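Okay, structure first, notes after.
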Amino acid sequence: MPEGETIRAFLALDPPPEVLCKITDIQGVLRRNIQGALSWVRPEGIHLTLKFFGDIAAKDVSAVSEVVAGQAAGARPLNLEAKGLGVFPDTRRPRVLWLGIGGEVERLIALQQAVDRGLEASGFPREERPFRAHLTLARIRSPQGLSGLDGVLTAKGSESAGKFTAAGLTLFKSELTPKGAIYTELGYFPFQG
């Protein structure tokens, strides 16, 4: 990467293909039952984000990688489940429709906090908002004309896309284009604890 270049980056866990397939099925049901201005996330864009960096200097990728590799080396694989529909910030003002994460969530939160502390010690700003483990299914562009959401949350609120084992963290570059974001893997850091 050229000197001085910045990249948009984030750190995430990737659900396996079989879970993404079930998520696609869930999105299909939701699309048929929710009307309004929603932007649905493509399956390849569904990640469990632990840290969104925004724009960082390309030269800082190695520093990020070093911190993440150190944290991943001490972590054991996580047994998780993609389960439970919800919205951010709340049902009166929905902006994001998500699928929650169950299973070893306490360990996941501890890992996220350890990574965030390590990155902060290396000069990266700490995340101010509390970490809420989720997979974004859709972004709600406007609550005007939105219908069917409350019914779906009631009827399908405990929907599950399956259990999976997260075996490592992936650092991604995110390139925004008119047709959506393009994600490029910058590094994979397996759990070795």
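My numbering applies: residue -7 is where the sequence shown begins, and numbers increase by one.
Note that beta-carbon positions come from the ideal geometry of N, C-alpha and C, so glycine has one too.
In this text, all values refer to a predicted model and were calculated from it rather than measured experimentally.
Between PRO69 and ALA159, the C-beta spacing is below 8 Å.
For the pair of segments examined, the segment 50 to 61 was found not to touch the segment 78 to 94: the number of CB pairs separated by less than 8 Å stays below three. The Cβ neighbour count for LEU168, taken over all protein chains shown within 10 Å, is under 16; the residue is labelled exposed. Of the candidates ARG121, THR146 and ILE(-1), ILE(-1) places its Cα closest to the Cα of ASP47. Where GLU10 is concerned, the enclosing alpha helix (DSSP H) starts and stops at 9 to 25.
For SER54, the enclosing alpha helix (DSSP H) begins and ends at 53 to 65. At a cut-off of 4 residues, the continuous stretches assigned as alpha helix (DSSP H) that sit fully inside the segment 131 to 165 are 141 to 148.
For ARG99, the enclosing alpha helix (DSSP H) covers residues 97 to 113.
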